[in-house]
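Data block below; observations after.
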Amino acid sequence: MHDVLMIHLRTILINILLQIRIVLALQDRDLLEKSGKGVMGAFGVMLEPLILIATLLFFRLALRLKGIDLVNPVIWMSIGVCLFKLFLDVGLKSLSGVKKSQDVFFYRRIRPLDTILASAMVATRIYGTVLTLIILLVWAFTWQVKFDNPGEAVVVVLFTVLLALGVGVSALVIGHRLPWFKLAVRFGLKRLLLWTSGVFYAVYLLPGPARPFVTWNPLIHSVELFRHSINIAYPVPGISLSYLSACALLTCGFSLLFYSLNEDLLISDD
Numbered sequence: 144m145h146d147v148l149m150i151h152l153r154t155i156l157i158n159i160l161l162q163i164r165i166v167l168a169l170q171d172r173d174l175l176e177k178s179g180k181g182v183m184g185a186f187g188v189m190l191e192p193l194i195l196i197a198t199l200l201f202f203r204l205a206l207r208l209k210g211i212d213l214v215n216p217v218i219w220m221s222i223g224v225c226l227f228k229l230f231l232d233v234g235l236k237s238l239s240g241v242k243k244s245q246d247v248f249f250y251r252r253i254r255p256l257d258t259i260l261a262s263a264m265v266a267t268r269i270y271g272t273v274l275t276l277i278i279l280l281v282w283a284f285t286w287q288v289k290f291d292n293p294g295e296a297v298v299v300v301l302f303t304v305l306l307a308l309g310v311g312v313s314a315l316v317i318g319h320r321l322p323w324f325k326l327a328v329r330f331g332l333k334r335l336l337l338w339t340s341g342v343f344y345a346v347y348l349l350p351g352p353a354r355p356f357v358t359w360n361p362l363i364h365s366v367e368l369f370r371h372s373i374n375i376a377y378p379v380p381g382i383s384l385s386y387l388s389a390c391a392l393l394t395c396g397f398s399l400l401f402y403s404l405n406e407d408l409l410i411s412d413d
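To convert a position in the sequence shown, counted from 1, into the working numbering, add 143.
Here you go:
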């Protein structure tokens, strides 16, 4: 009995390790594809969010919007852009995930879920690297090192990735079964998420009655909590780590159940 149990455990461990190797290989493939699309290679992949951050900072200065004194404005804007782009790349770009990766499904061990996990790892690497570099450069130029609660920042990023994975897995199934849903996301939902994710503003600067119109979005909790981790004096009214974690875990759990019921259909239709 003991030998049989050990054989089963060994088989499970081998399968898990093989699946991890598959996801890592898909991650390298995805990163090479992204790097090969531009003339600047891997640097070009990181250049896009840097240009977006610089553009948004320019508009803030041009419009003379109220500044954020408690967190360096470059770091403040970078947090919003990087977390939003991370969510976007994993959560919503999965709508076309099956057709994009159908050439690898001839290998029976590769499942659509593996492509989502690989995309999440690539996006986390890209935007994590960009945000880390920006924070280090700001510290170097200002000679001010400020990071009050790095543990909170790590937890926030983990829950953001889980939230993006949950939305991404559901979007993969829905987008495959309902092609019109892609247009609705592209022209409606994406803009709604952008304006309610706190990329351009701080929640504490909004009037109290207006805050519920944006705090329903768990992504704004992610963005504001990360800013709060830089400086614990940064106020976050109506923002909750519990809400972010609950949304991330529930979304991820539901999406995995939803995916398991539709996985065979995703592959057979292709």
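Cβ atoms here follow ideal geometry from the backbone N, Cα and C, with glycine treated the same way.
Asked: I want to know whether the region 254–273 touches the region 340–353 - three or more CB-CB distances under 8 angstroms.; Found: no
Asked: DSSP state of Asp232, grouped into three classes?; Found: helix
Asked: If you draw a straight line from the C-alpha of Phe401 to the C-alpha of Ser313, how long is it?; Found: 7 angstroms
Asked: With a CB to CB cut of under 6 angstroms and the five nearest residues on each side skipped, what residues in its chain are close to Ser388?; Found: Phe302
Asked: Please confirm whether Asp232 and Val166 have their CB atoms less than 8 angstroms apart.; Found: no
Asked: Short of 7 angstroms in beta carbon distance, which residues of its chain neighbour Val214, apart from the five on each side in sequence? Order them along the chain.; Found: Arg370, Ile373, Asn374, Tyr377
Asked: If I'm right that Glu295 touches Leu368 with Cβ under 8 angstroms, what's the distance once you round it to whole angstroms?; Found: 7 angstroms
Asked: Is DSSP giving Ser221 helix, strand or coil here?; Found: helix
Asked: Helix, strand or coil: how does DSSP classify Asp173 here?; Found: helix
Asked: Considering just the uninterrupted stretch of the alpha helix (DSSP H) at Lys333, what are its terminal residues?; Found: 333–338
Asked: Suppose you measure from the CA of Lys333 to the CA of Arg164; what does that come to, to the nearest Å?; Found: 33 angstroms
Asked: Cα separation between Cys395 and Pro255?; Found: 15 angstroms
Asked: Which term fits Phe330, buried or exposed, when burial requires 16 or more other beta carbons within 10 angstroms of its beta carbon?; Found: exposed
Asked: Return yes when the Cβ of Val217 is within less than 8 angstroms of the Cβ of Val342, no when it is not.; Found: no
Asked: Can the beta-carbon of Ser398 be found less than 8 angstroms from the beta-carbon of Leu226?; Found: no
Asked: Within its chain, find whatever has a CB closer than 6 angstroms to the CB of Leu229; leave out the 5 residues flanking it on each side and keep chain order.; Found: Ala266, Tyr270
Asked: Can you give, in chain order, each stretch of the alpha helix (DSSP H) that sits fully within the region 351–389 and has at least 4 residues?; Found: 355–358, 361–373
Asked: Please state the DSSP three-state secondary structure of Gly271.; Found: helix
Asked: Could you check which residue in Trp359, Gly311, Phe290 has the C-alpha nearest to that of Ile382?; Found: Trp359
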